[in-house]
Amino acid sequence: MARLTPENVVLAQEIIDRYPRPKSALIPLLHLAQEQDGHLTDEAMAHIGDLVGVTSAEVLGTASFYEMFKMEPVGRYMVNICTNIACQLLGGEELLHHAEQRLGIRPGQTTADGLFTIEDVECIAACTEAPCLQVNYRYFHKISTDEFDQLVDDLASGARDDIPPHGTLAEIRQHIPPERKAGSVVPEDSTVPVWIAAAEEADA
Amino acid sequence: MAITDAPKIITGRFGYDDSHTLTRYVATGGYQALRKALEMSPDAVGEEVKTASLLGRGGAGFPAGVKWTLAPADVWPRYLVVNGDESEPGTYKDRILMERDPHQLIEGVLLACYAIGAGQAFLYVRGEMALAQERIAQALNEAYKAGYIGRNILGTDYSLDIVLTWGAGAYIVGEETALIESLEGNRGMPRLKPPFFPAAKGLYMQPTIVNNVETLSNLPWIVNNGGEAFAALGAENSRGTRMFAVSGHVRNPGVFEVEYGVTTFRDLIYAPVYAGGIRDGNQIKAFIPGGGSAPWFFEEHLDLPLEKGTVDRAGSMLGSGAIVVMDETTDAVKAALRLVRFYARESCGKCTPCREGTTWLERILGRILDGNGRPSDLELLMDVCDNISPGLAWPPKQTTICPLGPSATAPIASALSRFRPEFEARITAAEEARTSVPVELKAPTHA
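Top line first, the protein sequences correspond to chains X and S.
Okay, so the first sequence: first residue is 1 according to the numbering used here, each after it adds one.
Okay, so the second sequence: first residue is 1 according to the numbering used here, each after it adds one.
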């Protein structure tokens with residue numbers, strides 16, 4: 001558990017090749033590392049730095065800016081409870097307090113069994129479904145305290161295998177077939193696009 | 001009241017369970033606009049969008065067709081960046097568009113890039129939206145395979161790669177220059193404008209057009225039906241239709257696509273076909289008309305139409321189409337604090353007035369709510385607000401690079417101007433509690 005696995009290096013290279021500048025792949029690659037290990041290890045960040053050609057410090061400089069990247073291990077299930085305005089109006093804070101009581105932890109903490117971390121998060125764009133929460137970034141709408149307890153029980157008993165462990169986002173990845181790929185457009189290539197040039201020629 | 005039977009331009013496929021698939025998209029007229037556009041010149045496509053008077057749907061409301069013409073002539077390459085980093089409090093529309101009709105967005109991207117001459121587009125989806133990322137990845141894979149994206153699209157000389165990319169949790173990345181920084185692998189901190197207007201100097205310092213998801217999702221309909229048909233809907237500067245999320249204390253919260261410019265706040269909040277009125281027969285206390293950054297509106301604003309110019313002149317904004325309704329049971333101090341806390345947490349820290357100002361606003365409001373407020377606090381709050389946004393004018397003046405800091409002052413100025421007695425009552429109670437408790441002097445227990 002450290003550097004990216006050989007399989008993930010292949011994926012990483014495919015991602016890097018989509019961008020005109022390798023550093024643009026940094027955030028997607030950090031997600032890949034977090035999917036692999038559940039959080040970001042120093043070794044993975046150093047490895048990613050090598051892959052995109054920046055120092056470990058630059059990788060950390062970017063990673064530490066973003067909420068979703070965790071530098072320490074977190075629970076298998078990250079439970080993000082929204083308390084922003086639309087959810088606050090409909091009981092988001094009460095839901096958060098209930099979660100604290102139920103799991104015996106405060107936001108940012110992880111249960112002793114390593115199963116759950118809770119966070120008090122900002123608006124997650126499900127305002128008409130308040131109060132809402134996400135488990136590993138999967139949505140749960142209009143959650144009552146009873147439903148919350150049921151969800152926790154189901155997660156703990158393994159009944160929710162539709163929710164992958166923390167770190168996994170989309171389970172379908174983009175794949176550009178090589179024969180269809182138009183190719184990255186690099187800033188150094190300052191030629192007029194073919195279809196624009198053709199239209200200009202037709203005009204003239 | 002003006003509830004019209006305007007067509008559903010962007011939400012028309014939401015009724016289908018498989019609305020996200022290529023099969024359904026093509027079966028319901030999908031990629032016809034692309035075929036049509038490829039028969040037109042790039043300029044002609046741009047003209048249709050200009051004729052449509054399509055305003056950007058991300059928040060600022062800048063005309064999309066005009067934005068496209070701001071890229072300097074003969075500077076290549078150009079890029080298109082799709083802003084799918086929806087995070088403004090109360091906003092819920094781009095996520096549904098990405099989850100339920102990803103091909104419509106992709107076709108919009110194809111049309112935009114054809115018109116502006118971009119050979120590569122980056123579709124930046126908010127990090128927390130796993131399903132949207134998955135649906136877009138799947139749709140891109142399908143569309144590449146079918147020949148709609150990639151090299152020599154549909155056998156023409158138009159080639160485009162669309163790259164799905166995603167964030168990792170930062171509201172500020174919704175600001176277009178911060179989004180570009182993030183896309184370059186950096187911390188999402190806004191760039192100073194000028195000189196870094198993205199249309200001139202954006203991604204990798206090249207001309208870059210940044211468009212919102214909803215904005216681009218309108219393009220297939222506009223190209224299919226013509227800019228004039230789009231402009232025939234709506235009123236004044238607000239044309240076509242628009243999605244609004246109505247949340248908070250309403251009977252039937254929901255996301256509704258309505259005719260822009262003519263539908264009123266009262267229609268959306270009270271009509272049975274929309275949000276259905278205030279819950280439990282309560283009275284409305286206030287509502288946020290356009291996302292957390294918008295100054296609040298009150299009962300007297302209900303009959304204003306959802307029209308950009310009208311709402312701007314009334315002292316607020318339609319912003320990102322997020323209407324949050326608060327009924328009489330709402331604690332104005334608590335609501336204001338929650339919004340301010342958002343800006344304090346999300347400030348990137350680059351500009352001092354925002355970094356320090358939002359933090360202090362949160363602390364002062366927090367102590368008022370906790371029963372430790374001081375009589376001087378209300379003046380202090382307004383003073384800090386004034387330091388972030390001088391004069392608290394509308395549209396706000398900035399002492400900062402981007403509008404995040406000034407946005408934090410909106411809820412406080414709104415709540416204080418309308419519900420000042422609620423703030424004063426908490427401070428008075430705190431004062432009384434302080435003076436009525438006799439101070440008990442105890443001898444030290446240790447020798």
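In this text, a Cβ means the ideal position worked out from N, Cα and C, and glycines have one as well.
From a predicted model like this one, the values you see are computed outputs, not experimental measurements.
Name the residue from the options whose alpha carbon lies nearest to the alpha carbon of residue i.
i: residue 3(S); options: 244(S), 276(S), 243(S) and 262(S); result: 262(S)
i: residue 15(X); options: 166(S), 367(S) and 234(S); result: 166(S)
i: residue 88(S); options: 290(S), 218(S), 122(S) and 7(S); result: 290(S)
i: residue 10(S); options: 216(S), 229(S), 358(S) and 266(S); result: 216(S)
i: residue 345(S); options: 19(X), 194(X), 66(X) and 34(X); result: 66(X)
i: residue 532(S); options: 81(S), 189(S), 53(S) and 278(S); result: The requested residue 532(S) does not occur in the structure, where chain S is confined to residues 1 to 447.
i: residue 354(S); options: 377(S), 387(S) and 376(S); result: 387(S)
i: residue 92(X); options: 115(X), 116(X), 37(X) and 148(X); result: 148(X)
i: residue 33(S); options: 389(S), 120(S), 220(S) and 208(S); result: 220(S)
i: residue 72(S); options: 199(S), 383(S) and 395(S); result: 199(S)
i: residue 108(S); options: 133(S), 163(S), 31(S) and 169(S); result: 31(S)
i: residue 52(X); options: 72(X), 39(X) and 29(X); result: 29(X)
i: residue 170(S); options: 205(S), 128(S), 118(S) and 258(S); result: 128(S)
i: residue 65(S); options: 92(S), 238(S), 78(S) and 46(S); result: 46(S)
i: residue 49(S); options: 91(S), 105(S), 115(S) and 106(S); result: 115(S)
i: residue 181(S); options: 124(S), 223(S) and 132(S); result: 124(S)
i: residue 240(S); options: 250(S), 402(S) and 228(S); result: 228(S)
i: residue 193(X); options: 400(S), 70(S), 117(S) and 378(S); result: 117(S)
Classify residue i as helix, strand or coil using the three-state DSSP reduction.
i: residue 241(S); result: strand
i: residue 327(S); result: strand
i: residue 145(X); result: helix
i: residue 17(S); result: coil
i: residue 110(X); result: strand
i: residue 211(S); result: strand
i: residue 10(X); result: helix
i: residue 134(X); result: strand
i: residue 374(S); result: coil
i: residue 82(X); result: strand
i: residue 164(X); result: coil
i: residue 366(S); result: helix
i: residue 162(S); result: strand
i: residue 352(S); result: helix
i: residue 55(S); result: strand
i: residue 71(S); result: coil
i: residue 205(X); result: For residue 205(X) there is no data in the structure shown, the boundaries of chain X being 1 and 204.
i: residue 450(S); result: Given a span of 1 to 447 for chain S in the structure shown, any question on residue 450(S) remains unanswerable.
i: residue 78(S); result: strand
i: residue 401(S); result: coil
i: residue 152(X); result: helix
i: residue 391(S); result: helix
i: residue 123(S); result: strand
Please list the partners that residue i has in chain X, where partner means a Cβ-to-Cβ separation under 7 Å.
i: residue 17(S); result: By Cβ distance, chain X contributes nothing, its closest Cβ being about 17 Å from residue 17(S), past 7 Å.
i: residue 22(S); result: By Cβ distance, chain X contributes nothing, its closest Cβ being about 14 Å from residue 22(S), past 7 Å.
i: residue 137(S); result: 170, 172, 173 and 174
i: residue 208(S); result: Within 7 Å Cβ-Cβ: nothing; residue 208(S) doesn't reach chain X, min ~11 Å.
Could you tell me how far apart the beta carbons of residue i and residue j are, in whole angstroms, since I believe they sit closer than 8 Å?
i: residue 170(X); j: residue 130(S); result: 6 Å
i: residue 154(S); j: residue 38(S); result: 6 Å
i: residue 427(S); j: residue 373(S); result: 4 Å
i: residue 199(X); j: residue 43(S); result: 7 Å
i: residue 245(S); j: residue 255(S); result: 5 Å
i: residue 62(X); j: residue 187(S); result: 6 Å
Could you list which residues in chain X have their beta carbon closer than 8 Å to that of residue i, in chain order?
i: residue 120(S); result: 20, 182, 184 and 185
i: residue 133(S); result: 169 and 170
i: residue 184(S); result: 21, 23 and 24
i: residue 145(S); result: 177 and 180
Determine the chain X residues that contact residue i at a beta-carbon separation under 9 Å, and present them in chain order.
i: residue 394(S); result: Those within 9 Å of residue 394(S) in chain X number zero; the least Cβ separation is about 20 Å.
i: residue 51(S); result: None at all; the shortest Cβ gap to chain X is about 19 Å.
Residue i CB to nearest chain B CB: under 8 Å?
i: residue 189(X); result: Absent from the structure is chain B; the protein chains it does hold are X and S.
List the residues of chain S that residue i touches, going by C-beta distances under 9 Å, in chain order.
i: residue 85(X); result: 89, 90, 247, 248, 288, 292, 324, 326, 335, 338, 339, 342 and 411
i: residue 31(X); result: 127, 166 and 168
i: residue 91(X); result: In chain order: nothing, as chain S lies at least about 11 Å away.
List the residues of chain S that residue i touches, going by C-beta distances under 7 Å, in chain order.
i: residue 69(X); result: 168
i: residue 65(X); result: 170, 187 and 188
Below 8 Å on C-beta distance, what does residue i contact in chain S?
i: residue 122(X); result: 87, 89, 171, 342, 345 and 346
Pair every Cβ in the stretch 330-338 of chain S with every Cβ in the stretch 154-163 of chain S, then say whether three or more of these pairs are closer than 8 Å.
no
| Below 8 Å, can you find three or more Cβ-Cβ pairs linking the stretch 228-242 of chain S to the stretch 6-15 of chain S? | yes
query = Is it a yes or a no for the stretch 121-140 of chain X touching the stretch 92-102 of chain X, going by three-plus beta-carbon pairs under 8 Å?
reply = yes
Notebook entry, point to check: Are there three or more Cβ pairs, one per stretch, closer than 8 Å when the stretch 156-167 of chain X is compared with the stretch 176-183 of chain S?
Noted result: no
Assess, as a yes-or-no matter, whether the stretch 74-84 of chain S is touched by the stretch 183-193 of chain X under the definition of 3 or more beta carbon pairs within less than 8 Å.
yes
query = Pairing CB atoms from the stretch 115-127 of chain X with CB atoms from the stretch 66-78 of chain X, are three or more of them under 8 Å?
reply = yes
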